[in-house]
Amino acid sequence: MRKHNGQAAQLKQKKRCVLAAAFATASTLASPNAMPGFARYQVTQHYAGPMAKPVLTTRQDKAFQRQLRRAAHGQPNFAGHYRVVTFGCGASCVMGAMIDAKTGRIVWLPFTVRCGSDANKPPVDFRSDSALLVINGMRNEAGDGTHYYVLKDNRLKFIGSRPQ
-8 MRKHNGQAAQ LKQKKRCVLA AAFATASTLA SPNAMPGFAR YQVTQHYAGP MAKPVLTTRQ
52 DKAFQRQLRR AAHGQPNFAG HYRVVTFGCG ASCVMGAMID AKTGRIVWLP FTVRCGSDAN
112 KPPVDFRSDS ALLVINGMRN EAGDGTHYYV LKDNRLKFIG SRPQ
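Position one of the sequence shown corresponds to residue -8 (the numbering used here), numbered consecutively onward.
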């Protein structure tokens, strides 16, 4: 009987740990202050040279070359040396890309963004001095919320979401 009670106690302890971890994760994601801010992903180098022409290599690049070339006339507005461009792809829907101001390399958002229920938030939010990209709305028509990404090595890395 003693062995059985020991196993039951271990099982109870495991359940408590799992519940505590689940509660901590849920409360962290639900807390508005828990998600990262732009300052947390601040960049220190800012490109001040001329904007490189977009390098059009994929079919998608070529299909949207007019929008990409037009965006390349501005200054970097994201992560120190990228220029974010967004354009409509339907009712209340945008798609976008980031152009590396130094090289002209294009990094596409891997989804479309349907504007969220909070009309006061832009669908794609970013800063020139931060590598954090915030998506407000639905990605590919699913999961309304605020979604956080960091640009690292020319790729967007998903950090987390907060449902609406």
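A virtual CB, placed ideally from N, CA and C, is assigned to each residue, including glycine.
Residue i to residue j span [Cα, whole Å]
i, j, result
"Pro41", "Lys93", "8 Å"
"Lys53", "Leu59", "9 Å"
"Tyr32", "Glu132", "27 Å"
"Phe55", "Thr77", "11 Å"
"Met163", "Pro101", "Because the chain here runs from -8 to 155, residue 163 falls outside it and cannot be looked at."
"Asn111", "Val85", "16 Å"
"Asn127", "Lys44", "29 Å"
"Val34", "His138", "20 Å"
"Ser108", "Gln36", "35 Å"
"Arg146", "Gly79", "22 Å"
"Lys148", "Pro113", "20 Å"
"Asp91", "Ile150", "22 Å"
"Cys106", "Gly28", "20 Å"
Host beta strand (DSSP E) of residue i (start-end)
i, result
"Leu47", "First-last for Leu47: undefined, no H or E at that position."
"Gly28", "Premise fails: Gly28 is in no beta strand (DSSP E) and is neither H nor E."
"Gly136", "Ala133 to Lys143"
"Asp91", "Cys84 to Asp91"
"Gly81", "Tyr73 to Gly81"
"Leu124", "Leu123 to Arg130"
"Phe149", "Arg146 to Pro154"
"Val98", "Ile97 to Trp99"
"Arg105", "Val104 to Cys106"
Span of the alpha helix (DSSP H), counted from its first residue to its last, around residue i
i, result
"Ala62", "Gln56 to Ala62"
C-beta contact flag for residue i and residue j at 9 Å
i, j, result
"Ala88", "Val104", "no"
"Tyr38", "Gly81", "no"
"Asn68", "Ser152", "no"
"Arg96", "Val141", "no"
"Gly65", "Arg57", "no"
"Ser121", "Ala62", "no"
"Asp135", "Leu124", "no"
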